[in-house]
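For the sequence shown, the working numbering gives the first residue as 35, with consecutive numbering after it.
Inspection log for the structure reproduced underneath, given as structure tokens.
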Amino acid sequence: MPSTLSAKLAYPVARKDESVAEDFHGTQIKDVYRWLEDPDSTETEEFVNAQNSISRPFLENGEEWKKLNTKLTKLWNYPKYGCPMRYGNYYYYFMNTGLQNQSVMYQQKSLGDESESKVFLDPNTLSEDGTIALTQKAFSEDGKYMAYGLSESGSDWIKILIRDAETGKDLSEVLEKVKFSEISWTKDNKGFFYGRYPDQDGKTDGSETKQNENQKLYYHRVGESQDKDTLVVEFPEEPSWRIQSTVSDCGKYLILAIVKDCRDNIVFYADLTPGAEITSKLNVKKIVEKFEADYDYITNEGSKIFFRTNKNAPNYQVIAIDFNNSAEDKWETLIAEHKSDVLDWVKCVDNDKLLVCYIRDVKSVLQVNSLKDGTLLREFDLDIGTIVGTSGEKKYSEIFYNFSSFLNPGSIYRYDFKTPDKSPSVFREIKLNLEGFRREDYAVEQIFYKSKDGTKVPMFIIRKKRDSVEPRPCLLYGYGGFNISMLPSFGLSGLMFIDTFDGVLAYPNLRGGGEYGEKWHNGGRLLNKQNVFDDFQAAAEYLIENKYTTKDRLAIQGGSNGGLLVGSCINQRPDLFGAAVAQVGVMDMLRFHKFTIGHAWCSDYGNPSEKEHFDNLYKFSPLHNVHTPKGAKRNTHRL
Numbered sequence: 035m036p037s038t039l040s041a042k043l044a045y046p047v048a049r050k051d052e053s054v055a056e057d058f059h060g061t062q063i064k065d066v067y068r069w070l071e072d073p074d075s076t077e078t079e080e081f082v083n084a085q086n087s088i089s090r091p092f093l094e095n096g097e098e099w100k101k102l103n104t105k106l107t108k109l110w111n112y113p114k115y116g117c118p119m120r121y122g123n124y125y126y127y128f129m130n131t132g133l134q135n136q137s138v139m140y141q142q143k144s145l146g147d148e149s150e151s152k153v154f155l156d157p158n159t160l161s162e163d164g165t166i167a168l169t170q171k172a173f174s175e176d177g178k179y180m181a182y183g184l185s186e187s188g189s190d191w192i193k194i195l196i197r198d199a200e201t202g203k204d205l206s207e208v209l210e211k212v213k214f215s216e217i218s219w220t221k222d223n224k225g226f227f228y229g230r231y232p233d234q235d236g237k238t239d240g241s242e243t244k245q246n247e248n249q250k251l252y253y254h255r256v257g258e259s260q261d262k263d264t265l266v267v268e269f270p271e272e273p274s275w276r277i278q279s280t281v282s283d284c285g286k287y288l289i290l291a292i293v294k295d296c297r298d299n300i301v302f303y304a305d306l307t308p309g310a311e312i313t314s315k316l317n318v319k320k321i322v323e324k325f326e327a328d329y330d331y332i333t334n335e336g337s338k339i340f341f342r343t344n345k346n347a348p349n350y351q352v353i354a355i356d357f358n359n360s361a362e363d364k365w366e367t368l369i370a371e372h373k374s375d376v377l378d379w380v381k382c383v384d385n386d387k388l389l390v391c392y393i394r395d396v397k398s399v400l401q402v403n404s405l406k407d408g409t410l411l412r413e414f415d416l417d418i419g420t421i422v423g424t425s426g427e428k429k430y431s432e433i434f435y436n437f438s439s440f441l442n443p444g445s446i447y448r449y450d451f452k453t454p455d456k457s458p459s460v461f462r463e464i465k466l467n468l469e470g471f472r473r474e475d476y477a478v479e480q481i482f483y484k485s486k487d488g489t490k491v492p493m494f495i496i497r498k499k500r501d502s503v504e505p506r507p508c509l510l511y512g513y514g515g516f517n518i519s520m521l522p523s524f525g526l527s528g529l530m531f532i533d534t535f536d537g538v539l540a541y542p543n544l545r546g547g548g549e550y551g552e553k554w555h556n557g558g559r560l561l562n563k564q565n566v567f568d569d570f571q572a573a574a575e576y577l578i579e580n581k582y583t584t585k586d587r588l589a590i591q592g593g594s595n596g597g598l599l600v601g602s603c604i605n606q607r608p609d610l611f612g613a614a615v616a617q618v619g620v621m622d623m624l625r626f627h628k629f630t631i632g633h634a635w636c637s638d639y640g641n642p643s644e645k646e647h648f649d650n651l652y653k654f655s656p657l658h659n660v661h662t663p664k665g666a667k668r669n670t671h672r673l
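Structure, rendered in structure tokens:
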């Protein structure tokens, strides 16, 4: 007999179009739901609305949901701050009073009394529902202007505006057709470089699924309309290339990092004459010719340009390339690759110093090295956690960094190189609105478990302190892809899960991420992608075998690439989990590359147009490997 719940629900029937099939290297694959790929069709909208008419009342009218929503709203209502940033004559910082949809940008003359600060930009005032977000910003060298990007409803498309730092008013121009772009000012403060796409048919609100091609780099002069912008760089023979531009610290070079997917870039540069008008295409010169490593610009001293790179260094290193003599055999190593720690990021501060952050066994390590010879100058003491925010400039001696952990929502520190003998001071502690919350009541442990092939994988486990371990509700969260590291950081919903359900949180650092450098990334991408699913399933087995939870009380969660992870794992091991939440997952591994920015994901997944990768992707594509319950008419749903 059907359950009481299923008897009340009339789940919408998805029409099957048996006529749709596609040949993949001699294999015919039916795609009976392809009509759902059109988000704007009436049929798709009706299907989605029918689903929502079931799910929303079920969730929103449930008493447990209401209690959790009330509790989470109360807990979330605490002030949240970002690091102070210095531009021109002012300091700026972001602050959210608690329940604001968007954080507000404040301006103040000094670091004194916060009451002196005033609102500089409040995105909450730009829409009734709070869905217009400030996605990026860049100040002119003199701090007089801030160019900033606004996004609506989570779209990747942005509009760039310019705000006067003194008046707080926007200039008249609005730049559109912008996506996946940097904003890089010339040092004369006259304008900036940005990337934009050609006109696109149909919607550009982020819900469209068309591919974006032929990005071009333009120069915008302050005070002029967008139609007067100068086209400076384009690569018409390479429509998938995306152009990331940076004006060097000295202002004499425009450095172009060209990417075509989600890893590796090549490097061009163009000479700039400070103060000269930019009225035509720039003459670009290639420095790095092959897509075989990452090159992140740090700073420059004359023609010597410093990059963070994993070229011949899976854990990354800092190198110098002299643009006047750029042959690879002339490259210099400033900070050599560490044998085990991963060089996460580097920032030039206080004229001749490098603020360097490493990842050591999935924890941040912060230090200062000399720009002159790379020697270590000092280390900062950190607990187990992550640097989640920094601010500092080459021309200033002052830096700020925000430290967070599973149990710390944020501690912002200030350090001034003018007083090197002093330790960093706490500038601001972010306080929770959680009655009776004490960090010492919780246990955070990092364990290492064996995956299917014997590889040791780290995992953090967070729970209430107890004399013994016994099975409890457990939430297992994973990602495992695109060289992205899952470092310890604060999440209020996770704490509420522990507090409300007396639960356990688990965060395995799966292969495919960047926690142990490029080797760890390569171990979970392309033909090795199954390792990620094996690592996640082994994490679940560890938690069950070691009495943290049971199969029925284990929930798994992941978003985007993590949604693919969840979808594949519930197909492969439905017996292992009690519940699953797959958020905006990549579920069709045979057609993901045909939509929006999906083609860039081939660097991690492989291209299904190539037989070797098709054979691999077809094995774990969630859409094509759905299993039906035992006893049903069909045992598998293999399209």
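Glycine residues also receive a C-beta, built at the ideal position from the N, C-alpha and C atoms.
Exercise. Once you ignore the five residues that flank Leu466 on each side, which residues in its own chain have a CB closer than 7 Å to its CB?
Worked result: Correct list, in chain order: Tyr112, Pro443.
Exercise. Terminal residues of the continuous beta strand (DSSP E) containing Leu588?
Worked result: DSSP places Leu588 in the uninterrupted beta strand (DSSP E) bounded by 588 to 593.
Exercise. For the stretch 291 to 299 against the stretch 204 to 211, are there 3 or more C-beta pairs whose distance is under 8 Å?
Worked result: In this structure the stretch 291 to 299 does not lie against the stretch 204 to 211, because fewer than three pairs of beta carbons, one per stretch, are closer than 8 Å.
Exercise. Are the beta-carbon atoms of Asp395 and Gln480 separated by less than 9 Å?
Worked result: Between Asp395 and Gln480, the gap from beta carbon to beta carbon is short of 9 Å.
Exercise. Starting from Cys382 and walking both ways along the beta strand (DSSP E), at which residues does that stretch end?
Worked result: Element bounds for Cys382: 376 to 383.
Exercise. Anyone know if the C-beta pair for Glu186 and Ala172 falls short of 9 Å?
Worked result: Cβ distance not < 9 Å, so Glu186 and Ala172 don't count as in contact.
Exercise. Would you call the stretch 91 to 106 and the stretch 522 to 533 in contact, with 3 or more CB pairs under 8 Å?
Worked result: The stretch 91 to 106, when compared against the stretch 522 to 533, does touch it at the 8 Å Cβ threshold.
For this session: Indicate whether Ser151 and Gly183 have their beta-carbon atoms separated by less than 9 Å.
Result: Not in contact: Ser151 and Gly183 (Cβ atoms no closer than 9 Å).
Exercise. Can Gly60 be considered in contact with the ligand ADP, in the sense that its beta carbon sits closer than 8 Å to one or more heavy atoms?
Worked result: In the structure shown, the ligand ADP is absent, as is every other ligand, since no ligand is present at all.
Problem set entry | C-alpha gap between Phe654 and Arg625, whole angstroms | Straight-line Cα distance between these residues: approximately 14 Å.
For this session: Within the same chain, show all residues whose beta-carbon is closer than 7 Å to that of Glu199, passing over the 5 residues directly before and after it, in chain order.
Result: Here residue 199 turns out to be Ala, not Glu, going by the sequence shown. The beta carbon of Ala199 lies closer than 7 Å to those of Gly122, Tyr124, Gly177, Lys178, Tyr179, Met180 in the same chain, with the five residues before and after it left out.
For this session: Work out the CA separation of Leu316 and Val376 for me, nearest whole Å.
Result: The straight-line gap from Cα to Cα measures roughly 36 Å.
For this session: Would you identify the three-state DSSP class for Tyr45, choosing helix, strand or coil?
Result: DSSP places Tyr45 in the coil class of the three-state scheme, outside both helix and strand.
Exercise. What is the residue span of the alpha helix (DSSP H) that Met621 lies within?
Worked result: Under the DSSP assignment, Met621 falls outside any alpha helix (DSSP H); it carries neither an H nor an E label.
For this session: Output the distance between the C-alpha atoms of Ala574 and Leu610, rounded to the nearest integer angstrom.
Result: The alpha-carbon atoms of Ala574 and Leu610 are separated by roughly 7 Å.
Exercise. Starting from Tyr329 and walking both ways along the beta strand (DSSP E), at which residues does that stretch end?
Worked result: Residue range 329 to 335 is occupied by the beta strand (DSSP E) that includes Tyr329.
Problem set entry | Phe648, DSSP secondary structure in three states | Helix, per DSSP.
Problem set entry | Helix, strand or coil at Met520 according to DSSP, with G and I counted as helix | Residue state for Met520 is assigned as coil, using DSSP reduced to three classes.
Exercise. Are the stretch 590 to 599 and the stretch 612 to 619 touching by the rule of at least three beta carbon pairs closer than 8 Å?
Worked result: Counting Cβ pairs under 8 Å, three or more are found: they touch.
Exercise. Roughly how many whole angstroms lie between the Cα atoms of Asn556 and Asn562?
Worked result: If you take the alpha carbons of Asn556 and Asn562, they lie about 7 Å apart.
Problem set entry | Integer Cβ distance of Cys117 from Thr453, believed to fall under 8 Å | Between Cys117 and Thr453 a beta carbon distance of about 19 Å is seen, past the 8 Å cut, so the two are scored as non-contacting.
Problem set entry | Local conformation of His372 per DSSP, three classes | Reduced to three states, the DSSP call for His372 is coil.
Exercise. Using the C-alpha atoms, what's the distance from Ala354 back to Ile369?
Worked result: Rounded to whole angstroms, the separation of the alpha carbons of Ala354 and Ile369 is 10 Å.
Exercise. Can the beta-carbon of Phe227 be found closer than 9 Å to that of Leu251?
Worked result: With respect to Leu251, Phe227 sits close: the two C-beta atoms are nearer than 9 Å.
Exercise. Helix, strand or coil: which one does DSSP assign to Leu577?
Worked result: In the displayed model, Leu577 falls within a helix according to three-state DSSP.
Problem set entry | 6 Å Cβ shell around Val390 - same chain, five flanking residues per side excluded | These residues qualify, in order along the chain: Val380, Gln401, Asn403.
Problem set entry | Given Tyr430 as reference, the closest of Asp283, Gly96, Glu98 once Cα atoms are compared | Looking at the Cα atoms, Asp283 is the closest of the given residues.
For this session: Could you say which of His647, Gly60, Glu94, Tyr550 lies nearest to His372 if we only look at CA atoms?
Result: When each option's Cα is compared against that of His372, the closest is Tyr550.
Exercise. Between Phe570, Gly548, Asp533, which lies nearest to Lys484 when the distance is taken from Cα to Cα?
Worked result: When C-alpha distances from Lys484 are compared across Phe570, Gly548, Asp533, the shortest belongs to Phe570.
Exercise. Looking only at C-alpha atoms, which of Thr489, Phe451, Glu366, Glu162 sits nearest to Val383?
Worked result: Ranked by Cα distance from Val383, the options Thr489, Phe451, Glu366, Glu162 are led by Phe451.
Problem set entry | Nearest neighbour of Gly225, chosen from Asn248, Arg197, Lys244, Gly202 [CA to CA] | For the residues Asn248, Arg197, Lys244, Gly202, the minimum Cα distance to Gly225 belongs to Arg197.
For this session: Measuring alpha carbon to alpha carbon, tell me which of Phe535, Leu539, Glu504 ends up nearest Gly512.
Result: Measuring from the Cα of Gly512, the nearest candidate turns out to be Leu539.
Exercise. When DSSP labels each residue in this structure, what does Thr708 get in the three-state scheme?
Worked result: Residue 708 is absent from the model: the chain starts at 35 and stops at 673.
For this session: Along the beta strand (DSSP E) that carries Asp533, what are the first and last residues, could you check?
Result: In this chain, Asp533 is not harboured by any beta strand (DSSP E); it is covered by the alpha helix (DSSP H) spanning 526 to 535.
Problem set entry | Element boundaries [alpha helix (DSSP H), containing Phe81] | Where Phe81 is concerned, the enclosing alpha helix (DSSP H) starts and stops at 76 to 94.
Exercise. Expressed to the nearest angstrom, what Euclidean distance is found between the alpha-carbon atoms of Val153 and Asp501?
Worked result: Distance from the CA atom of Val153 to the CA atom of Asp501, rounded to whole angstroms, is 49 Å.
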